[in-house]
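Last residue of the sequence shown? That's 592 in our numbering, and every number before it is there in order.
The beta-carbon is built from N, C-alpha and C at its ideal position, and this holds for glycine as well.
Source: prediction; values computed, not measured.
Written out below as structure tokens is the structure these notes cover.
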Amino acid sequence: MALLAASGFAQADPAGREPLCVMEIWTDRQAYHPGDRVQVNFWISVNDSPELPEITDAQLELELQQPFGPYIMLSSKKNVSLRKGIEWEETLLTLPVLGDLLRDLGDYSLHAMLRSQDGGLLCEAYASFTIRSMFGQRPTTRTLLVTSRRTQLTEPFASMLAAWLEACFKTQVQVIYQEGFYEAYQAGAFQGFDVIIYYATDFTQGPPPDLVVDIFEGEGITKKKVVWIGYHLDKVQGYLHLYGLKYGELRSASDLTPLHYVDGETDYMLLNADRISVEPVNPDLARVRATADGLPIIVSARHTYYPEDGECFYFVGFHPTAYLAPFGAHLVFLDVLSEAYGIEHPRAALVRLEDVHARTNGGSLLAAAEYLDGEGVPFSLALIPIYSNGQGEEIRLSQDRQFRITVKRALLSGGELVLHGASHQYDGETAIDYEFWDEARMAPVGGREYAEDRLTLAMEELEASGLKPYLVAWETPHYRASTEAYAIFESHFPLIYEDPHWGFNLRLLPYPVETESALYVPTNLGYVARSSLRADVDRILEQARLLAGLQHGALASFFYHPELGLAALKEIVAGLKEQGWTFQPVSFLLGN
1 MALLAASGFA QADPAGREPL CVMEIWTDRQ AYHPGDRVQV NFWISVNDSP
51 ELPEITDAQL ELELQQPFGP YIMLSSKKNV SLRKGIEWEE TLLTLPVLGD
101 LLRDLGDYSL HAMLRSQDGG LLCEAYASFT IRSMFGQRPT TRTLLVTSRR
151 TQLTEPFASM LAAWLEACFK TQVQVIYQEG FYEAYQAGAF QGFDVIIYYA
201 TDFTQGPPPD LVVDIFEGEG ITKKKVVWIG YHLDKVQGYL HLYGLKYGEL
251 RSASDLTPLH YVDGETDYML LNADRISVEP VNPDLARVRA TADGLPIIVS
301 ARHTYYPEDG ECFYFVGFHP TAYLAPFGAH LVFLDVLSEA YGIEHPRAAL
351 VRLEDVHART NGGSLLAAAE YLDGEGVPFS LALIPIYSNG QGEEIRLSQD
401 RQFRITVKRA LLSGGELVLH GASHQYDGET AIDYEFWDEA RMAPVGGREY
451 AEDRLTLAME ELEASGLKPY LVAWETPHYR ASTEAYAIFE SHFPLIYEDP
501 HWGFNLRLLP YPVETESALY VPTNLGYVAR SSLRADVDRI LEQARLLAGL
551 QHGALASFFY HPELGLAALK EIVAGLKEQG WTFQPVSFLL GN
């Protein structure tokens with residue numbers, strides 16, 4: 001039980017008599033994530049003094065205060081009668097996170113009151129709890145994200161941006177939607193935040209007037225970073241001269257347009273129909289960061305009166321979390337945003353040799369490992385310690401000396417070990433089947449206990465084979481498992497070497513993704529398939545070229561099956577080196 005800032009007291013009688021009752025409320029946890037349920041518990045003790053009256057026909061009220069909002073009535077229970085000396089404890093209610101009442105991230109407060117028939121306060125108590133995303137471990141900044149009212153179309157744009165920020169930018173995000181008088185932005189709310197983002201997703205709803213004043217006139221605003229995304233810059237034209245800018249135009253286009261990143265001298269595909277341009281009129285203050293159709297669409301600027309504070313205003317003239325394409329224009333947005341946050345992401349190429357098990361061709365594995373070692377390329381080896389054909393045949397790493405020797409020789413060539421399940425199969429063949437997912441039912445297999453058992457089995461094989469010292473990360477077979485299973489994986493491994501499995505299009509990010517307990521390392525360049533070998537090699541090198549245009553770090557990460565031979569692997573490694581990439585072991589990311 002987590003008792004959360006709960007306090008209770010009773011109104012004292014004017015004559016100084018004892019309180020009639022004492023109350024406490026608490027929630028079952030201090031912090032919740034989307035998808036959880038909040039349980040509100042209640043306890044009251046009634047004084048047994050014969051000097052005090054009975055509690056009859058009272059009313060128990062529970063109020064909820066949402067982030068940046070007033071208290072609203074959550075529940076009310078009438079005709080409450082309590083005997084003297086009684087203690088009463090129960091669960092008042094349970095609410096889903098992301099339901100109508102708990103749909104915003106942030107801090108919530110609860111207020112319980114027991115009132116007499118005439119409305120007098122008999123006793124009361126307070127509690128608080130937090131709803132936060134599952135992303136981020138050690139935030140170093142706070143971000144205020146002010147966005148338009150929620151609609152079915154536009155709400156995902158804001159929630160996706162909030163997830164991206166917390167997952168990759170070491171920041172804690174508070175979102176304010178423009179909904180209702182109390183939920184809209186209020187003057188001065190930017191204080192206490194390091195970065196203020198206005199994401200205008202609704203063309204018909206202008207910016208909050210108080211936000212406009214704070215962004216352009218707020219005390220100390222040039223010491224912070226302001227990022228204006230999307231519509232309505234035309235409504236603040238009177239302020240733009242402060243940053244050496246002049247509003248351009250809003251254009252709608254139906255064609256695919258290259259977005260040219262000036263810093264990286266690289267073009268990225270822009271799919272957004274609405275594009276807003278802005279013109280720098282004072283080059284001493286403002287500079288163009290990206291263009292579309294020859295017009296500035298991303299700019300950054302210093303304030304005319306406080307140029308010594310550096311660039312503090314950024315404008316992005318498209319919606320970067322809408323109309324997404326792999327390796328598209330959103331990458332430029334992320335790179336410029338990295339500058340605003342002062343973050344340098346790890347810049348590295350990663351390669352993983354995939355699906356190594358007892359039926360893997362040992363000669364192919366050693367040839368790949370020795371080639372990479374000769375090129376000075378550290379690599380990971382995704383090991384499946386138990387092979388099964390799904391029909392009774394089983395080969396264990398600890399019982400197959402030749403397999404063990406092959407794996408050890410490969411690791412001694414500069415490899416690190418990634419545990420790729422215990423057997424990478426549920427009822428089929430290893431490396432073809434899943435392990436924590438039933439493909440026939442399209443549902444996860446087991447829960448926490450099953451995941452713990454499989455993980456223990458795999459670890460026992462590594463220990464018996466003397467390979468545990470090489471182990472650095474986990475990779476889920478075919479990247480499918482229950483939420484409970486992933487919690488087990490994260491509790492054992494600080495590195496999860498796979499694309500993040502949540503929504504929010506996190507797989508399109510070029511960075512590692514932080515959860516509260518692990519770092520997810522993507523293979524954002526994918527892999528080479530035998531059926532499309534030539535096309536995949538070309539695709540990987542082209543996508544890596546786009547990533548190389550980013551100025552503040554990115555990962556160029558792929559995996560490769562050794563049985564494909566060396567030709568394609570050699571071409572990819574040589575191509576990445578030519579683009580300026582440096583290969584690193586995946587464990588390198590733990591220190592960056």
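How many Å lie between residue i and residue j at the Cα?
i    : j    : result
Y314 : V226 : 6 Å
T222 : R302 : 8 Å
L525 : S252 : 32 Å
G362 : D355 : 12 Å
A464 : Q402 : 15 Å
A487 : V537 : 35 Å
M160 : G392 : 46 Å
R83  : V46  : 7 Å
Y182 : H260 : With a pLDDT of only 47 at Y182, under 50, the local geometry of the prediction cannot be trusted, and the value read off the model is given with reservation. Cα to Cα, the separation comes out at about 41 Å.
D284 : W164 : 32 Å
K577 : L590 : 23 Å
I72  : L233 : 35 Å
A167 : T515 : 7 Å
T147 : E155 : 9 Å
A318 : G192 : According to the sequence displayed, residue 318 carries Phe and not Ala. Taking the straight line from one Cα to the other gives about 28 Å.
E124 : Q152 : 39 Å
H478 : V407 : 22 Å
Q11  : E89  : Reliability fails at Q11, whose pLDDT of 43 lies under 50, so the model's placement of it is uncertain and the value that follows must be treated cautiously. Looking at the two C-alpha atoms, the distance is approximately 21 Å.
V336 : K570 : 33 Å
S133 : W502 : 12 Å
P444 : E308 : 56 Å
K224 : D194 : 5 Å
D30  : H492 : Contrary to the premise, residue 30 reads as Gln rather than Asp in this sequence. Whole-angstrom Cα-Cα distance: 23 Å.
Could you give the C-beta distance for residue i and residue j, rounded to a whole number, given that I count them as a contact under 8 Å?
i    : j    : result
V594 : L383 : The chain is shown from 1 up to 592; residue 594 falls before or after that span and cannot be answered.
L97  : G35  : Here residue 97 is Val; the residue named in the question, Leu, does not match the sequence. Confirmed, about 6 Å.
V281 : G244 : 6 Å
E344 : H552 : 6 Å
Are the Cβ atoms of residue i and residue j separated by less than 7 Å?
i    : j    : result
F157 : A322 : yes
L508 : L324 : yes
A568 : V528 : yes
V573 : V521 : no
E435 : H424 : yes
F203 : L546 : no
P208 : Y177 : no
P139 : Q172 : yes
I25  : A112 : yes
Q205 : R149 : yes
E461 : P385 : yes
L95  : V22  : no
A422 : L457 : yes
G390 : E416 : no
A58  : L121 : no
T27  : F129 : yes
I131 : L105 : yes
Which residues does DSSP pair with residue i in a beta bridge?
i    : result
E90  : F42
I196 : L144, V226
E463 : None, per the DSSP bridge assignment.
P96  : R37
W474 : L419, I496
G106 : I131
C21  : V46
S388 : E394
E339 : For E339, which the question treats as bridged, DSSP gives no partner whatsoever.
F583 : A349
Hey, out of the options, whose CA is closest to residue i's CA?
i    : options                : result
S76  : G85, K84, E87, L93     : L93
E490 : Y239, S517, W581       : S517
T483 : G446, D453, M459, G390 : G446
A440 : Y426, R448, A451, E452 : Y426
S109 : E89, R149, T143, F68   : F68
A189 : V212, Q205, T171, F169 : V212
E217 : Y239, Q39, E166, L550  : Y239
A340 : V316, P500, P346       : V316
L566 : L121, G428, Y371       : Y371
H472 : L455, P494, R480, R454 : First, the residue type needs correcting, since residue 472 is Val and not His in the sequence shown. Per the Cα distances, P494.
S413 : V377, R448, W581       : V377
K246 : V80, E51, V278         : V278
P258 : R275, T201, V40        : R275
D433 : L411, Y387, K170, P296 : Y387
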